[in-house]
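Residue numbers (full-length UniProt numbering): 1 to 959.
Where is the CB? At the ideal position from N, CA and C, for every residue including glycine.
Quantities reported herein were computed from a predicted structural model and do not represent experimental measurements.
Presented below is the structure to which this report refers.
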């Protein structure tokens, strides 16, 4: 059937959870209250957006579903939804219960005296007329479908099946009757749903028939026929059981994940098959259409060409008419006119004998005299069945079932949207299809399903009731029982035109409508499937499509860059609050850090581009322009990584180490899939590192990794600030992830040996012959010149005690630390700040002391002299932290703005800080308002710097 083109857009609406029976799809109010209740807050849609990622940029809902005063209380779900882990038998039984409820509702309606008033009688008469017209239209569509693809159910070109056209029509009618009764008696939610045979099953049936004939070559036609018809019925039962399993275990939505372009290719393959079948039927070819010169000569011979070109012309004509006239009656009216015109010409004008016309190929052969409508049941001779031949058709049966189950998740939601049926449940419809197909196979018929196009026509013309569906089943049964005698009076051109029409529409849908709309690889897949299914083999075409879809996915995924974003260290910096001199130095050398953020699933197709990009960063040209010391690879947004990807990072680490560039890994833990994958290839194994290739250091978050890289860069700066006799700087790097054996996967930063006290190092010292080290040395020298330092710093210079410049070293505290902290944010001198020094109090905080917590009233403004603080911010959007080092401040913004504390600050180690309390600041405002104003400006400038750093980090993290 060629209806997919009309519903693919509508099919994007996939109905998931089952709603309350009295509740519409978009309106949470029950239908019985609709229109009688004013819109209130309680009638707001039951919508709740839930985030799936915890980032500072993605806000979380503050109210849960149960807390929100605007959301209605959840209604009690049907038992089928509550028993998600219930038995399969219970779910199938619920479908029958729903059917019984629908029939009971019909009985109550018949017994209701209000339905027998004069007004009700008039309404009933009008509805009955509409119903009769809908039943007539549905019956006409069933007859046309029976003549088009029910007639070719068996391969008529074979001698064994040459007289089975009427039997195919009978089997088609049985399938229609069974499906119509199943859907109309309540198994389906659609009251006017129309069931029919699937046109797509015909080529699979032909393949099964030819496969059985090839295996049973030389055996009697009765045995071949018995095996073939049993295979047909068994395939229907297999399809029904698969439908039941999918619906019973609530797996209906899984089918939606199947690539749509493969389905479209299969539809095009069916269209190709129908066009070929139309030629075979119209030209009365013996056997299949062979792609050779003899067949071509036969088709264009003088006694054949008009037999198939006429129906082809009729099919093109009706296609044009349907484009010009948008009416559902164009198709049946056209073929009625063709039928009448044919007999007017043959009998009224030419007055030809029907037997001679039949012998010329214009009318189908008359069935044998006395052939009953149930003749196909006589083919079931179970004792003659060849079991091996039957088993050989099992792959085709599953391919047929696989093709059939794709239609329901497409047709059902689209039909629900078209007829405005809100209470649609895909799993319920799958169970209905399972029961219908299983029963159809058990009574000797074939697959069926809910036909989208026929159902739309039937419902729109007055058939939107279960009674109309039952009447359609009765009318179809009456036509079936009338017998196959009418076949001998049907023009071949009429049936051929119907087959051509279906084939052309399906080919148009698959090949023409998708041109320019699909990706090139997807369109190539469609063309390959169409050609393979039409020319070679249907099953091979489907499997070739699946293989090509996998290949297309790999190619397209490989083209999607795995590098989510990349930043220089000038942009991506940690949230550590550092002294002014450290910040100036890092601003000159932080560009030697490169942050690469990866995302998605890293596999053999994407790792190549990642590897090439990282190699490009260290090639000669780029390396001269931008020196590189650290490449920080962030895996926060990586879902998983395959073996090839893990091996790729092993190679990347070796390449970087040869260039003396350290690789640092963040966003990874050993409990995660990514961490385990990297550990499995030995990348993170600290105990067995490769020669001259240490493993990368690993951190669980980007901030900690950036802090570690910055600390290592600061080693050069502090190296020049110490004399040879001074003790080494106390390195306090952020802790990296511990391996399973307790040892650091990321070794602590190596202590750098002391250097000459001169600012001009020995040029023969190999440590300074690296361009990167040279750049770090120049940055350190220039930073110390800016600070007015031309000599060494005292031994006390360390990360936990900020060493002041020599011009301030003779000042007493807190003036000394104030001048150092305010150095770049205020142009005031020591005489000005001397007035503020008495207002600060010295405070000592042992390690672990909490200075203040989030929500506290601000009690003061802190300047850290020695030690280390840590500020934790726990917000609704997420959490982050800052490390506060000596020579920096904390708590100034809430203090000056008189707002609650926004974070919690604690001492990580024994620390000394200077505190300006509220009472002292108020006193300072009275005594020296100019100093208070300057202090306020300094606090705002420092806050602005930190907000810039935090904003940059948040954007880098979320990007």
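Same chain only: Cβ atoms within 8 Å of residue i, ignoring 5 sequence neighbours per side
i           : result
residue 346 : 352, 354, 357 and 362
residue 56  : Here the model assigns residue 56 a pLDDT of 38, short of 50, so the residue's position is not dependable and the matter cannot be decided.
residue 237 : 437, 438, 441 and 442
residue 653 : 663, 683, 693, 695 and 696
residue 966 : Residue 966 lies beyond the stretch modelled for the chain, which goes from 1 to 959, so this question has no answer here.
Residues near residue i in its chain [Cβ-Cβ closer than 6 Å; skip 5 each side]
i           : result
residue 915 : 841, 843, 860 and 862
residue 902 : none
residue 593 : 569, 630 and 709
residue 578 : 885
residue 896 : 936 and 939
Beta-ladder partner(s) of residue i, from DSSP
i           : result
residue 889 : 863
residue 663 : 631
residue 448 : 197
residue 869 : 884 and 907
residue 394 : Bridge partners of residue 394: none, in fact.
residue 960 : Here the chain covers residues 1 to 959 and nothing more, so residue 960 does not appear.
residue 272 : None; residue 272 has no bridge partner.
residue 491 : 363
residue 641 : 602
residue 852 : 905
Cβ neighbours of residue i in the same chain (closer than 7 Å, five flanking residues each side left out)
i           : result
residue 496 : 278, 281, 282, 308 and 311
residue 938 : 822, 825 and 826
residue 599 : 562, 564, 637 and 638
residue 188 : 429, 432 and 450
residue 270 : 199, 200, 203 and 506
residue 530 : 265, 268, 269, 272, 510 and 511
residue 475 : 135 and 139
residue 210 : 155
residue 534 : 269, 272, 273 and 276
8 Å contact criterion, which residue i and residue j should meet: CB distance rounded
i           : j           : result
residue 714 : residue 664 : Contact doesn't hold; Cβ gap of about 16 Å is too wide.
residue 445 : residue 178 : 6 Å
residue 924 : residue 836 : 6 Å
residue 525 : residue 549 : 6 Å
residue 376 : residue 167 : 4 Å
residue 815 : residue 834 : 6 Å
residue 454 : residue 194 : 4 Å
residue 839 : residue 913 : Not a contact, Cβ separation roughly 14 Å.
residue 679 : residue 685 : 7 Å
residue 575 : residue 262 : So it is not a contact: roughly 49 Å between Cβ atoms.
residue 393 : residue 231 : 5 Å
Simplified DSSP state of residue i, which is helix, strand or coil
i           : result
residue 160 : coil
residue 709 : helix
residue 500 : helix
residue 693 : strand
residue 878 : strand
residue 846 : coil
residue 841 : strand
residue 363 : strand
residue 566 : strand
residue 699 : strand
residue 912 : strand
residue 542 : helix
residue 747 : Interpretation of residue 747 is limited by its pLDDT of 40, a score under 50 that renders its predicted location unreliable; no figure is taken from the coordinates.
residue 346 : helix
residue 461 : helix
residue 572 : coil
residue 857 : coil
residue 325 : coil
residue 205 : helix
residue 265 : helix
Beta carbon proximity, residue i to chain B, threshold 8 Å
i           : result
residue 290 : As a matter of chain content, chain B is missing from the structure shown, which is built from one protein chain.
Notebook entry, point to check: What runs of the alpha helix (DSSP H), each 4 residues or longer, lie entirely inside the region 915-959?
Noted result: 918-927 and 929-958
Margin query: Please give the ranges of any beta strand (DSSP E) in the region 576-637, keeping only runs that are unbroken, at least 3 residues long and fully inside the region.
Written below: 593-602
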